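**Q** Handing you this structure, nothing more for now.
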Amino acid sequence: MANTSNSKRIAKNTVLLYFRMILSMLVSLYTSRVILRVLGVDDFGIYNIVGGIVVMFSFINTFLTSASQRFLSFSLAKSNKQDTTCVFSTSLFIHVIIAIIFGVFAETVGLWFVCNKLVIPGPRFTAAIWIFHIMVIESCISIFKVPYNAAIIAEEKMDFYAYTSIVESVLRLLAVYLLVLINFDKLIIYALLHILVAFLMLLWYKTYSEKKFAYCRFSLKYNRQNLKDMTSFSAWNLFGSIADLGYKQGTNIFLNLFYGVALNAAMGIATTVRTTVYSFISNLQVAANPQIIKSYAIGEYDYYGNLINKISKYSYFLMLLLAVPVGLNIKYVLNLWLGAPPLHSDNLVVLGLIFCLIDSLHGPLWTSMQATGKIRNYQIVASLVLLLNLPLSYWALSVGYPPESIMIIQIFVSFVTLFVRIIFSKIYAHIGIRAYLKSVLIPIALVSIVSIPIPLYISTLYEDGFSKLLVTGIISIVFTVISILSLGVSNSERAMFYLVVKKKIFKNNR
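Laid out in structure tokens, this is it:
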């Protein structure tokens with residue numbers, strides 16, 4: 175009964191997160207179109223590359239985020255209120271220190287890199303420096319928000335995210351509206367409006383957490399043992415954050431060095447699409463992560479293993495449902511969205527979708543290792559593999575391969591990294607390779623082989639346009655759903671699906 179209740183909670187939280195995602199996606203797509211038009215290709219590229227530098231130096235924040243979520247979820251599963259309070263206050267203390275360190279590091283090393291290494295048009299150099307300073311402050315705000323965000327996820331209060339999305343979306347739409355109206359440097363104004371929204375959202379998260387959770391009181395007191403455990407855990411996650419830096423922001427810098435800001439604009443568009451599409455499966459994974467950690471903490475290994483396999487498989491299927499129709503109609507979609515997308519945007523987006531299909535399998539395996547806390551060897555090996563993106567990408571661009579080559583390299587490295595994660599999850603995290611192969615890899619391979627060829631062939635019969643989008647969209651979704659139900663799920667999963675549909679039909683007919 176407890177596992178059934180947990181599964182229902184995951185399903186409910188996933189639905190709430192999808193509501194949040196759809197609203198955020200619509201706002202993101204609309205605002206990206208307006209911002210590209212208002213700023214222009216060069217300023218949009220400057221914002222992406224300078225913002226990428228700030229994100230690059232904020233990797234310190236990333237490796238601590240997972241620690242906060244892991245230790246809070248673990249403590250909540252043990253039902254130790256005093257320990258949970260200590261974990262939160264220690265996390266808050268760590269993030270305040272990190273925000274200070276980040277600010278100093280970014281305004282020295284980061285500023286030097288922007289001034290001396292990036293290729294920025296001379297007339298926009300001063301604006302680029304302003305953007306850098308503003309985004310450093312925004313990143314510090316984001317760092318301070320992490321403990322509150324971790325508490326909300328650990329408590330599985332996903333309804334908060336749904337309500338918050340409405341507020342944040344309204345604020346971002348208002349920011350875009352003001353950007354059009356205000357007659358000043360549009361690039362600087364956009365950054366200032368962005369930081370204002372970030373500050374208001376910090377206050378929103380902080381107020382909610384302190385009101386709902388007794389342990390979320392602002393206190394910089396720390397428990398020495400918790401501090402030691404969390405910093406040790408985070409230190410090994412640092413390797414993963416550096417690798418993440420390498421294959422996301424490092425390659426963006428290489429594009430700037432070899433092709434200038436125009437290609438950064440194209441990569442910015444591809445990244446926006448990739449992030450938006452990936453949110454379809456990240457919502458499911460975010461909803462499941464607390465249950466994965468909590469079930470491991472209390473020793474329910476059967477439920478824990480089945481949950482990881484199911485979330486991995488469902489994540490891939492959700493990604494496939496969206497990736498195929500979007501990939502087949504990418505030129506029309508980009509023209510409809512942006513009007514005149516930057517060169518190479520279509521190819522970068524399609525390759526990004528393929529990357530997302532493989533990457534969708536990584537999340538649950540990564541969470542399984544986080545649950546164990548035994549991450550030293552895992553992070554060293556996985557991070558070294560991910561960092562291969564840097565030398566391979568630089569080599570590919572330096573010998574004259576096109577910009578798309580960096581995405582092909584990312585796909586290859588992601589595929590290799592997936593098998594590294596599977597092996598370590600087998601060794602440390604009670605995940606059987608044979609069960610994973612049978613429950614995840616074989617079903618997704620069969621579904622992909624069956625569902626893709628026919629929509630791909632039909633797409634060649636149409637010119638780019640709404641008719642092609644409609645026909646290939648319907649056909650690809652129908653074939654993918656049929657393939658999933660016939661080849662991708664077990665008999666019990668199929669029966670459960672039919673039962674849910676049956677209940678919904680009878681409920682609506684009453």
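Just so we're aligned: the sequence shown equals residues 175 to 684 in this note's numbering. Where is the CB? At the ideal position from N, CA and C, for every residue including glycine. Source: prediction; values computed, not measured.
Helix, strand or coil for His307 per DSSP?
**A** Counting from 1 along the sequence shown, the entry for residue 307 is found at position 133. Here His307 sits in helix by DSSP.
**Q** Taking buried to mean at least 16 other C-beta atoms within 10 Å of its own C-beta, is Ile554 buried or exposed?
**A** In the sequence shown, residue 554 corresponds to position 380, counting from 1. Flag for Ile554 reads exposed.
**Q** Which word fits Phe267, buried or exposed, when buried means at least 16 other C-beta atoms lie within 10 angstroms of its C-beta?
**A** If you number the sequence shown from 1, residue 267 lands on position 93. Buried, since its Cβ has 16 or more Cβ neighbours within 10 Å.
**Q** Count the other CB atoms, across all protein chains shown, that sit within 10 Å of the CB of Glu342; report buried if there are 16 or more and exposed otherwise.
**A** As a first step, residue 342 is located in the sequence shown; it is residue number 168 there, counting from the start. Answer is buried; the Cβ neighbour count reaches 16.
**Q** What are the boundary residues of the alpha helix (DSSP H) that Cys530 is part of?
**A** Indexing the sequence shown from 1 puts residue 530 at position 356. Run containing Cys530: Ser519 to Asp533, per the alpha helix (DSSP H) assignment.
**Q** I'd like the list of long-range same chain contacts for His368, defined as Cβ closer than 6 Å, with 5 residues on each side in sequence excluded.
**A** Within the sequence shown, numbered from 1, the residue matching residue 368 stands at position 194. Answer for His368: no residue qualifies.
**Q** What's the C-alpha gap between Phe671 and Asn665?
**A** As a working mapping, residue 671 is identified with position 497 in the sequence shown. As a working mapping, residue 665 is identified with position 491 in the sequence shown. Looking at the two C-alpha atoms, the distance is approximately 10 Å.
**Q** Give the C-beta separation of Ala444 and Val523 to the nearest angstrom, bearing in mind that I take them to be a contact with Cβ-Cβ under 8 Å.
**A** For the purposes of this step, residue 444 is taken as residue 270 along the sequence shown, with counting starting at 1. For the purposes of this step, residue 523 is taken as residue 349 along the sequence shown, with counting starting at 1. Their Cβ separation, rounded to whole angstroms, is 5 Å, which keeps Ala444 and Val523 in contact under 8 Å.
**Q** Just verifying my parser: in three-state terms, what is the DSSP assignment at Met175?
**A** On the sequence shown, position 1 is the one that residue 175 refers to. For Met175, the pLDDT reaches just 42, beneath the cut-off of 50, and the residue's location in the model is therefore unreliable, although a value from the coordinates is still provided. Three-state result, Met175: coil.
**Q** Would you mind sorting Val354 into buried or exposed? The rule is 16 or more other CB atoms within 10 Å of its CB.
**A** Working through the sequence shown from its first residue, we reach residue 354 at position 180. Val354 is exposed by the Cβ-count criterion.
**Q** Taking the continuous alpha helix (DSSP H) assigned at Pro295, which residues delimit it?
**A** The residue labelled residue 295 in the question sits at position 121 within the sequence shown. From DSSP, Pro295 is part of no alpha helix (DSSP H); its letter is neither H nor E.
**Q** Looking only at its own chain, which residues have a Cβ that is under 7 Å from the Cβ of Ala669, when we skip the five neighbours before and after it?
**A** Along the sequence shown, one-based indexing puts residue 669 at 495. Once the five neighbours on either side are set aside, Ala669 has no close Cβ partner at all.
**Q** Would you tell me roughly how many angstroms separate the C-alpha atoms of Tyr475 and Arg244, rounded to the nearest one?
**A** Stepping through the sequence shown from its first residue, residue 475 is reached at position 301. Stepping through the sequence shown from its first residue, residue 244 is reached at position 70. Roughly 17 Å separates the two Cα atoms.
**Q** Is DSSP giving Ala388 helix, strand or coil here?
**A** On the sequence shown, residue 388 is found 214 positions in, with the first residue counted as 1. DSSP places Ala388 in coil when its eight states are reduced to three.
**Q** Pairs of beta-carbons, one from the segment 499-510 and one from the segment 407-424, closer than 8 Å: are there three or more?
**A** Output reads no: the segment 407-424 does not touch the segment 499-510.
**Q** Can you tell me where the alpha helix (DSSP H) holding Tyr396 begins and where it ends?
**A** Position 222 of the sequence shown, counted from the first residue, corresponds to residue 396. Counting along the chain, Tyr396 falls outside any alpha helix (DSSP H), and DSSP gives it neither H nor E.
**Q** I believe Ala462 touches Leu481 by the beta-carbon criterion, under 8 Å. Please report the beta-carbon distance rounded to the nearest angstrom.
**A** Within the sequence shown, the letter at position 288 stands for residue 462. Within the sequence shown, the letter at position 307 stands for residue 481. Indeed they touch by this definition, with Cβ atoms about 6 Å apart.
**Q** Pair every Cβ in the segment 521-536 with every Cβ in the segment 544-554, then say whether three or more of these pairs are closer than 8 Å.
**A** Because the criterion of three Cβ pairs below 8 Å is not met, the segment 521-536 and the segment 544-554 do not touch.
**Q** Give, in chain order, every unbroken run of the alpha helix (DSSP H) that is at least 4 residues long and sits entirely within the segment 581-628.
**A** Correct list: 607-610 and 616-625.
**Q** Considering only the beta carbon of each residue, do Met493 and Ile455 sit closer than 7 Å?
**A** Indexing the sequence shown from 1 puts residue 493 at position 319. Indexing the sequence shown from 1 puts residue 455 at position 281. Yes, the Cβ-Cβ distance between Met493 and Ile455 is below 7 Å.
**Q** What number of angstroms, rounded off, separates the C-alpha of Ile327 from the C-alpha of Ile472?
**A** Translated into the one-based positions of the sequence shown, residue 327 becomes position 153. Translated into the one-based positions of the sequence shown, residue 472 becomes position 298. When rounded, the distance between both Cα atoms is 19 Å.
**Q** DSSP on Ala302, reduced to helix/strand/coil?
**A** For the purposes of this step, residue 302 is taken as residue 128 along the sequence shown, with counting starting at 1. It is helical.
**Q** Contact between the segment 393-407 and the segment 334-350 is defined here as three or more beta-carbon pairs at a separation below 8 Å; is this criterion met?
**A** The segment 393-407 is not in contact with the segment 334-350.
**Q** For Thr381 and Ile271, I'd like the C-alpha separation in whole angstroms.
**A** For the purposes of this step, residue 381 is taken as residue 207 along the sequence shown, with counting starting at 1. For the purposes of this step, residue 271 is taken as residue 97 along the sequence shown, with counting starting at 1. Approximately 21 Å, taken between the alpha carbons.
**Q** Mapping DSSP to helix, strand and coil, what is Ile485?
**A** Reading the sequence shown from its first residue, position 311 is the one you call residue 485. Helix.
**Q** Report the option in Ile294, Lys468, Gly574 and Lys331 whose CA atom is closest to the CA atom of Ile427.
**A** As a first step, residue 427 must be located in the sequence shown, where it is residue number 253. The option with the nearest alpha carbon to Ile427 is Ile294.
**Q** With a Cβ-Cβ cutoff of 7 Å, do Met543 and Ala609 count as a contact?
**A** Within the sequence shown, the letter at position 369 stands for residue 543. Within the sequence shown, the letter at position 435 stands for residue 609. It is not a contact, given that the beta carbons lie outside the stated cut-off.
**Q** The alpha helix (DSSP H) spanning Asp359 covers which residue range?
**A** Within the sequence shown, numbered from 1, the residue matching residue 359 stands at position 185. No alpha helix (DSSP H) holds Asp359; DSSP gives it neither H nor E.
**Q** Less than 7 Å between CB atoms is the rule here; does Lys319 satisfy it with respect to chain E?
**A** Given the protein chain composition of this structure (a single chain), no chain E is represented.
**Q** Could you check the C-alpha separation between Glu330 and Trp378 for me, to the nearest Å?
**A** Indexing the sequence shown from 1 puts residue 330 at position 156. Indexing the sequence shown from 1 puts residue 378 at position 204. Rounded to whole angstroms, Glu330 to Trp378 spans 17 Å at the Cα level.
**Q** What is the DSSP secondary structure of Tyr636, counted as helix, strand or coil?
**A** Looking up residue 636 in the sequence shown gives position 462. Coil, per DSSP.
**Q** Rounded to a whole number of angstroms, what is the C-alpha to C-alpha distance between Val212 and Phe358?
**A** Reading the sequence shown from its first residue, position 38 is the one you call residue 212. Reading the sequence shown from its first residue, position 184 is the one you call residue 358. Rounded to whole angstroms, Val212 to Phe358 spans 12 Å at the Cα level.
**Q** Is the segment 626-633 in contact with the segment 579-586, if contact means three or more CB pairs nearer than 8 Å?
**A** Short answer: they don't touch.
**Q** Got a sec? Which residues, its chain only, sit under 6 Å from Ser265 by beta carbon, not counting five neighbours each side?
**A** Here residue 265 is taken as the residue at index 91 of the sequence shown, counted from 1. So the list reads Ser242 and Pro321, once near-sequence residues are dropped.
**Q** Answer yes or no: do Ser161 and Tyr478 have a C-beta to C-beta separation smaller than 7 Å?
**A** No statement about residue 161 is possible, as the shown extent of the chain runs from 175 to 684 and does not include it.
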